[in-house]
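Under numbering that gives the first Met the number 0, the first residue of the sequence shown carries the number 0, and numbering increases by one thereafter.
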Amino acid sequence: MATYPSLKSLLAVFCLFALAPALLAQSNTSPNEVPAVTRTILLQNAQVVQAPGQVLDRTSVLIRDGLIEAVGADLAVPFDARVIAADSFRVYAGFIDGLSHTGVPKPKPGETPDIDDPGNPPPDAAGIQPQRDVRTMMDLSEKSIEALRNAGFTTAHVVPHGNLFPGQGAIVNLAGSNVGQMVLAGEASMFSQFEAARRMYPATDLGMMALWRNLYRQADRRQQRADRFSDRPGGLNRPEYDAVRYAFFPVVSGEQPVAFKTESYLDAKRALRLQEELGFQLLLMELKEGWWLTEELADTPVFLSLDLPDAPREATPDSAMADSAMAASEAMDVRVMSHADTDAEMKALEAKRDSVRMQYVRQAATLHEAGVTFGFSTLEAKPNDLRKALQRIVEAGLPEDEALAALTTDAVQMLGLDAALGTVEPGKIANLVVTEGSYFTGGEIRYVFVDGHPFEMEVKKAAAVASADSAGVSAAGEWSYEIDSPQGVVVGTITLDTDLAGTMTNNLTGETSSVSDALVSGNMLTFTAPVTVSGQTMTLEIALEIDGNDAEGSATMSQFGSFPMEAVRSPGL
0 MATYPSLKSL
10 LAVFCLFALA
20 PALLAQSNTS
30 PNEVPAVTRT
40 ILLQNAQVVQ
50 APGQVLDRTS
60 VLIRDGLIEA
70 VGADLAVPFD
80 ARVIAADSFR
90 VYAGFIDGLS
100 HTGVPKPKPG
110 ETPDIDDPGN
120 PPPDAAGIQP
130 QRDVRTMMDL
140 SEKSIEALRN
150 AGFTTAHVVP
160 HGNLFPGQGA
170 IVNLAGSNVG
180 QMVLAGEASM
190 FSQFEAARRM
200 YPATDLGMMA
210 LWRNLYRQAD
220 RRQQRADRFS
230 DRPGGLNRPE
240 YDAVRYAFFP
250 VVSGEQPVAF
260 KTESYLDAKR
270 ALRLQEELGF
280 QLLLMELKEG
290 WWLTEELADT
300 PVFLSLDLPD
310 APREATPDSA
320 MADSAMAASE
330 AMDVRVMSHA
340 DTDAEMKALE
350 AKRDSVRMQY
360 VRQAATLHEA
370 GVTFGFSTLE
380 AKPNDLRKAL
390 QRIVEAGLPE
400 DEALAALTTD
410 AVQMLGLDAA
420 LGTVEPGKIA
430 NLVVTEGSYF
440 TGGEIRYVFV
450 DGHPFEMEVK
460 KAAAVASADS
470 AGVSAAGEWS
480 YEIDSPQGVV
490 VGTITLDTDL
500 AGTMTNNLTG
510 ETSSVSDALV
520 SGNMLTFTAP
530 VTVSGQTMTL
540 EIALEIDGND
550 AEGSATMSQF
560 GSFPMEAVRS
570 PGL
């Protein structure tokens, strides 16, 4: 007699097949993708900030297959949902980074190549590479992806490293098993910056401006010839392909914006002048001195740098620092009559320094008060400093709702992403930041969602990391460094032994100085070294954050300010 499987055995087989895809998904995930049995998640009874100024209490958010499916009170719990009790949580749309190198390895410093004709160098040697695509350069093992995500950013406009024309930017979500899965928009911009290659054309600001105009106008003529040939190829010579000029075609036709890194007031003015002359779409990026340009920025998309100057060593809130700097402004022109008055002059110089620093911290508030719309960018900032920078900006006068708009709704509008991102509403990509309290007043981040994938941030994990860091890193070895100073790039070496005794050289004076007061705390190395300026010995204060054999930080001379510094340790030391 024939036998048939029981109902129980059929159900067991069915469950095995149903679970197989989920089990396979777990076995094929990358460090940037969280495995999950279900892609349906219900954040239940949270405070939901749908958009700046639009707050819903005791509201649930239903995520399914990477999208926000529903937002509302008393949502039914789907049978396949993972439920997260969010009664004490606040839900924001994921933050947008307007300009970043996130996920793109930084090239190691190399020697300047010998060029037979420095006045007419090969495009690659001169940093003229607009045809390069950042998507081919991204490395998902880069720690910067996770670090930026942990700060609440879920999407970034990523661009290559380089000189005047580094290449094409892309807009990516900050999680995925491969680059293709992360990309929201490829060839999203042509990235440019006033950074010249050394010892070859264009080596000056005027040279870079001239080359910019020439390449744009040559590309315009080539595009016209290419269009004529495409419409009527008979009787016309075929246009010669040129990768550099062809990369300008979408810019010339108005289909692609130019993302211009313009940290300084002068760089911003130069970019605005080029845009006015040539007519391309312009995104002003990583701006640090925008308070001089409030009228010019009225109709220009702009992203402000989150790389802020260091706060005073004393624990003074930025709001209080602003008041004290303003109160001391009348004393800034103190002139000493004798050595006995140097304390008064020093206080005046410190007040002036604090006043200048506050202009940078208050940049966002100043532009907001002038009616300028802006976003934020992290190109020069350290991911671990981003939350503190935003909190300082809010403390210095930018309303929380405006800070959130700069990170979400205004940013996506300027980047053309408003149909998919920027608000917590059905149909949008499930990029979310979930905090316990206000993000801008120190509330802890508990979850970050990217494409619906949850990344959980637990307080105990943060404590474990802090405990591990307290042991400190090794700073011993020989470091090659660069300091970006107003006099140009200063280079030299720092040599430290295991007891942190050592020396520091520099190419400006040629002197070798002994290192003093060296200390490693966690992954921070600090020390001082004497340096001779105009026959006077002054103290240089170095602060570097060490990550393996790379280090970033600042070099400070109280009389002149603080300047960015990078260092690379020779391997094997």
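Even glycine gets a Cβ: it sits at the ideal position worked out from N, Cα and C.
Going by DSSP in three states, residue i sits in which element: helix, strand or coil?
| i | result |
| --- | --- |
| His-100 | coil |
| Arg-231 | coil |
| Phe-373 | coil |
| Arg-57 | strand |
| Asn-160 | Note on identity: in this sequence residue 160 is His, with Asn being the wrong assignment. Coil. |
| Glu-575 | Nothing can be reported for residue 575: it is not among the residues displayed for the chain, which extend from 0 to 572. |
| Met-208 | helix |
| Gly-560 | strand |
| Leu-305 | coil |
| Met-523 | strand |
| Ala-326 | With a pLDDT of only 46 at Ala-326, under 50, the local geometry of the prediction cannot be trusted, and no value is derived from it. |
| Glu-254 | coil |
| Phe-13 | With a pLDDT of 34 at Phe-13, under the threshold of 50, the modelled position of this residue cannot be trusted, and the question is left open. |
| Ala-80 | coil |
| Ala-554 | strand |
| Gln-49 | strand |
| Asp-498 | coil |
| Pro-425 | coil |
| Glu-435 | strand |
| Tyr-245 | helix |
| Gly-487 | strand |
| Ala-566 | strand |
| Asp-516 | strand |
| Ile-114 | coil |
| Asp-226 | helix |
| Ser-466 | Residue placement at Ser-466 cannot be trusted, given a pLDDT of 40 that sits under 50; the coordinates are not used to answer. |
| Arg-197 | coil |
| Arg-89 | strand |
| Asp-219 | helix |
| Asp-576 | Nothing in the structure corresponds to residue 576, since the chain is present only between 0 and 572. |
| Gly-166 | strand |
| Asp-409 | helix |
I believe residue i touches residue j by the beta-carbon criterion, under 8 angstroms. Please report the beta-carbon distance rounded to the nearest angstrom.
| i | j | result |
| --- | --- | --- |
| Thr-153 | Leu-183 | Their Cβ separation, rounded to whole angstroms, is 11 angstroms, which puts Thr-153 and Leu-183 out of contact at 8 angstroms. |
| Val-251 | Ala-218 | 5 angstroms |
| Gly-126 | Gly-161 | 5 angstroms |
| Lys-427 | Leu-420 | 6 angstroms |
| Ala-388 | Met-357 | So it is not a contact: roughly 14 angstroms between Cβ atoms. |
| Leu-292 | Ala-267 | 6 angstroms |
| Ala-550 | Trp-478 | 7 angstroms |
| Asp-56 | Gln-46 | 5 angstroms |
| Gly-289 | Leu-235 | Not confirmed; about 47 angstroms, so no contact. |
For residue i, collect the residues of the same chain with a Cβ closer than 6 angstroms to its Cβ; drop the 5 residues on either side in sequence, then sort them by chain order.
| i | result |
| --- | --- |
| Asp-86 | Asn-44 |
| Ala-80 | Thr-39 and Leu-41 |
| Leu-499 | Ala-517 |
| Tyr-446 | Val-433, Pro-453 and Glu-455 |
| Ala-369 | Thr-293 |
| Arg-562 | Reading the sequence as shown, one finds Phe at residue 562 and not Arg. Hits under 6 angstroms: Ile-482, Asp-483, Ser-484 and Ala-554. |
| Gly-552 | Ala-542, Leu-543, Glu-544 and Met-564 |
For residue i, collect the residues of the same chain with a Cβ closer than 7 angstroms to its Cβ; drop the 5 residues on either side in sequence, then sort them by chain order.
| i | result |
| --- | --- |
| Asp-64 | Arg-38 and Gly-451 |
| Phe-247 | Pro-129, Leu-214, Tyr-215 and Ala-218 |
| Phe-375 | Gly-97, Phe-302, Leu-303, Leu-305, Ala-405 and Leu-406 |
| Ile-144 | Asn-31, Thr-101, Gly-102 and Leu-173 |
| Pro-117 | Arg-198, Met-199 and Tyr-200 |
| Pro-104 | Asp-138 and Glu-141 |
Name the DSSP beta bridge partners of residue i, please?
| i | result |
| --- | --- |
| Lys-260 | Gln-192 and Met-284 |
| Asn-172 | Thr-154 |
| His-452 | Val-449 |
| Ile-67 | Ile-62 |
| Thr-492 | Ser-479 |
| Asp-546 | Asp-549 |
| Glu-443 | Glu-435 |
| Gln-535 | Val-532 |
Under 8 angstroms Cβ to Cβ from residue i, same chain only, skipping five residues before and after it: list those, please.
| i | result |
| --- | --- |
| Ala-146 | Pro-382 and Asn-383 |
| Val-514 | Ile-493, Leu-495, Leu-499, Ala-500, Gly-501, Thr-502, Met-503, Phe-526, Thr-527 and Ala-528 |
| Arg-269 | Phe-193, Asp-204, Met-208 and Thr-261 |
| Pro-112 | Ala-124 |
Would residue i pass as an interface residue toward chain B - the criterion being a Cβ-Cβ separation below 9 angstroms?
| i | result |
| --- | --- |
| Met-199 | Protein chain content of the structure displayed is limited to a single chain, and chain B is not contained in it. |
(message) Pairs of beta-carbons, one from the segment 69 to 78 and one from the segment 120 to 138, closer than 8 angstroms: are there three or more?
(response) Contact fails: fewer than three Cβ-Cβ distances are below 8 angstroms.
(message) Using 8 angstroms as the cut-off, can you tell me whether the segment 136 to 156 makes contact with the segment 171 to 179, which would need three or more C-beta pairs spanning the two stretches below that distance?
(response) Short answer: they touch.
(message) Check whether the segment 409 to 419 and the segment 359 to 378 touch, using three or more Cβ-Cβ pairs below 8 angstroms as the test.
(response) Look at the beta carbons and you see the segment 409 to 419 touching the segment 359 to 378: at least three pairs across the two are nearer than 8 angstroms.
(message) Using a Cβ distance threshold of 8 angstroms, determine whether the segment 182 to 200 contacts the segment 252 to 267, with at least three qualifying pairs required.
(response) Yes, the segment 182 to 200 touches the segment 252 to 267.
(request) Check whether the segment 222 to 241 touches the segment 273 to 285, counting contact only when three or more Cβ pairs, one atom from each stretch, lie closer than 8 angstroms. (result) The segment 222 to 241 and the segment 273 to 285 do not touch, with fewer than 3 CB-CB distances between them shorter than 8 angstroms.
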